[in-house]
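S.K.: To start, I am sharing the structure in question, which I have written as structure tokens.
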Amino acid sequence: MDENKDENQLEEGASRLFHYNIFLIGFMGTGKSTVSRYLSTRFSMESVEMDAVIAKRKGMRISDIFAKFGEEYFRNLETNLLIEMQSKSNTVVSCGGGVSMRETNVKEMKKNGRVVLLTATPNTIYERVKDSHDRPLLEGHKNIPYIAQLMEARREKYEAAADIVIATDGRSESQICEELVKKLLEMDKKGVFG
Ligand code: S3P
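Quick note: the sequence shown uses numbering that gives the first Met the number 0, first residue 0, plus one each step.
Pasting the structure below:
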């Protein structure tokens with residue numbers, strides 16, 4: 000019984016670790032959704048999976064939104080959803096891989112959150128995405144050279160947006176989250192808030 004009490008206290012205390020939002024950014028297949036689920040369970044945070052919210056609201060798969068309305072339309076839905084996140088706190092947001100390409104999106108995220116960049120090598124990404132068909136930008140280009148060049152083209156913007164960077168290759172979700180939490184708490188201690 001005492002053990003349960005300790006556990007509950009830990010969870011309660013943990014849930015107050017982050018009064019701000021955590022935005023997970025990075026290339027497709029870097030593990031944003033997995034890490035988001037883990038963090039939200041472990042720290043009782045609300046979780047928002049941007050692609051899932053957009054797909055649910057439109058009643059369409061992401062690939063169908065791209066095909067029917069075009070990429071620009073989808074990007075505007077992303078921006079509007081990020082603006083909505085201003086009303087939230089203690090929420091972990093798993094962003095679509097293209098979110099940090101728009102400067103205005105980065106500004107929105109920084110207003111009330113920290114931006115965490117997850118990275119992985121093109122080989123790792125390939126292994127993680129090769130059997131999925133809901134990533135229109137990779138459909139017909141699912142190969143390591145294409146992934147590597149798109150990642151390279153985006154690198155500067157990902158890195159500019161990031162408050163912290165975590166490599167995910169060959170690491171478990173708990174190892175990734177442990178590093179993430181440690182780095183965020185260090186930033187909090189230094190009082191750095193963008
Ligand atoms: C995109 C990434 C996808 C999705 C859409 C576009 C991108 O999300 O938003 O297919 O431009 O990188 P994930 O990163 O969750 O796969």
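By construction, the Cβ of each residue, glycine as well, lies at the ideal position given by its N, Cα and C atoms.
(1) Measure the Cβ-Cβ separation of residue 112 and residue 98 and say whether it is below 9 Å.
(2) At the level of alpha carbons, what is the spacing between residue 109 and residue 131?
(3) DSSP on residue 138, reduced to helix/strand/coil?
(4) Quick check: does the Cβ of residue 49 come within less than 8 Å of any heavy atom belonging to ligand 1?
(5) Closer than 8 Å is the cut-off here; do at least three beta carbon pairs connect the stretch 35-45 with the stretch 60-80?
(6) For the stretch 159-171 against the stretch 46-66, do three or more pairs of beta-carbon atoms, one drawn from each stretch, fall closer than 8 Å, so that the two count as touching?
(7) Quick check on residue 5: buried or exposed, where buried means 16 or more other Cβ atoms within 10 Å of its Cβ?
(8) Residues in the same chain with beta-carbon distance under 6 Å from residue 116, minus the five sequence neighbours each way, listed in chain order, please.
(9) Would residue 106 be called buried (16 or more neighbouring beta carbons within 10 Å of its own) or exposed?
(10) Roughly how many angstroms separate the alpha carbons of residue 125 and residue 38, rounded to a whole number?
(11) Would residue 159 pass as a contact of residue 29 if the rule is Cβ separation under 9 Å?
(12) Tell me whether residue 184 is buried or exposed, calling it buried when 16 or more other Cβ atoms sit within 10 Å of its Cβ.
(13) Compare the beta carbon distance of residue 150 and residue 94 with 9 Å and say whether it is the shorter of the two.
M.R.: Working from what's here:
(1) Numbered from its first residue, the sequence shown carries residue 112 at position 113. Numbered from its first residue, the sequence shown carries residue 98 at position 99. Contact flag unset, no.
(2) In the sequence shown, counting from the first residue as 1, residue 109 sits at position 110. In the sequence shown, counting from the first residue as 1, residue 131 sits at position 132. Residue 109 and residue 131: Cα-Cα distance of roughly 31 Å.
(3) The count along the sequence shown starts at 1 and reaches residue 138 at position 139. The answer is coil: DSSP assigns residue 138 none of H, G, I, E or B.
(4) Residue mapping note: residue 49 aligns to position 50 of the sequence shown, counting from 1. Under cutoff, so the answer is yes.
(5) Taking a contact to require three or more Cβ pairs closer than 8 Å, the stretch 35-45 and the stretch 60-80 do not qualify as touching.
(6) They do not touch, by the three-pair rule.
(7) Start at 1 with the first residue of the sequence shown, and residue 5 comes out as number 6. Because the pLDDT at residue 5 is just 41, under 50, the model does not fix this residue reliably, and the value given afterwards should be weighed accordingly. So residue 5 counts as exposed.
(8) Within the sequence shown, numbered from 1, the residue matching residue 116 stands at position 117. So the qualifying residues of the chain are 24, 25, 157, 161, 164.
(9) Indexing the sequence shown from 1 puts residue 106 at position 107. Counting Cβ neighbours within 10 Å, residue 106 comes out exposed, since fewer than 16 surround it.
(10) Stepping through the sequence shown from its first residue, residue 125 is reached at position 126. Stepping through the sequence shown from its first residue, residue 38 is reached at position 39. If you take the alpha carbons of residue 125 and residue 38, they lie about 24 Å apart.
(11) Against the sequence shown, residue 159 aligns to sequence position 160. Against the sequence shown, residue 29 aligns to sequence position 30. Not a contact, by the Cβ cut-off of 9 Å.
(12) As a position in the sequence shown, residue 184 is number 185, starting the count at 1. Exposed, by the Cβ-count rule.
(13) Position 151 of the sequence shown, counting from 1, holds the residue named residue 150. Position 95 of the sequence shown, counting from 1, holds the residue named residue 94. Going by C-beta atoms, residue 150 is not nearer than 9 Å to residue 94.
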